[in-house]
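So the structure is just underneath, and the comments pick up after that.
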Amino acid sequence: MLSTDDRCCFRPDMLYRTGGQGSMRYFFLHGSHEKASCSDQVVVEANVAVLSQRGDLIFGSTDENSASRYRFVDGVCTHVNGQGDISIPASQFVQTLLKNVSIPTLIVAEVPIDQSEISPYVQDRYVYIALMVTGRSDLELCHQNDRLYLYKMMRTFVPRFVQSMSHKSSDYLPGDAKNLCKEAAERMESLGEDPEFSGFLQLYRQRYCGRLVIGQREILESCLLHSLKMPFELIASIRQGLVRL
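In our numbering, the protein residues as written are 18 to 262.
In structure tokens, the structure reads:
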């Protein structure tokens, strides 16, 4: 869920001053920007996965217990899982977000293929980076229930979200959230039934909808609305002080 602080800091007209599709756009499916600056030396626990516009996994893993540990010294990532040979897609973009999000957080970002730093054989003009951050050594630990919730979201919700958003992304503008979430929900449901996906939506309902008795479509639209009504773009986030380099 997105924090009230982030919503107050941003106006929709600020969001795409630097451009629409083709800029580094990202959505918080869970979490928000972190107010506290990183320590000079910090370790961030995160999963970084790259998906095609069809929701297929290109890089990384969405499995439980597959998180990596990113060590930062003076704001620069020096080691991943203790190794100095660092391979991170869209490296500068991902490293910047790793240092600037709350614990826990799940982000989906749209990245032009020429800035993704992945295989040149990928044919899509854009790829989607799913970034799940579950720990930072100078912040409180992520609760196990939150960790399991985000793994389920990353594994079952994110691929459908990516497939749906890739159809509309070039036309999306701030202020379209209500209409967009209805269209996105319809496309996500059209991909077929999946017990894991339905199970995740029920888990979302239990966490955020209380005792309300609502159908799966309404649950899905509610989940989408929290993400789509406030997207972000990296350059604008830096200018507004939400992200520190």
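Glycine residues also receive a C-beta, built at the ideal position from the N, C-alpha and C atoms. Model, not experiment: these values are computed from the prediction.
Residue 170 places its beta carbon less than 8 Å from that of residue 217. Using a Cβ distance threshold of 8 Å, residue 123 and residue 47 count as a contacting pair. Cβ contact annotation for residue 101 (same chain, cutoff 8 Å, sequence separation greater than five): 95, in chain order. Counting C-beta pairs with one atom in each stretch, the stretch 127–142 and the stretch 152–171 have fewer than three that are closer than 8 Å, which means they do not touch. The Cβ atoms of residue 98 and residue 77 do not sit closer than 8 Å to each other.
As computed with DSSP, residue 123 is found in a beta bridge with 47, 149.
Taken through DSSP and simplified to helix, strand or coil, residue 66 comes out as strand.
Here residue 213 carries a helix assignment [DSSP, helix/strand/coil]. As a beta-bridge residue in DSSP terms, residue 143 pairs with 129. When the Cα atoms are used, residue 196 and residue 57 turn out to be separated by approximately 43 Å. Note on the stretch 171–259: whole alpha helix (DSSP H) runs with a minimum of 4 residues are 175–185, 194–207, 212–225, 233–245, 251–256, in chain order.
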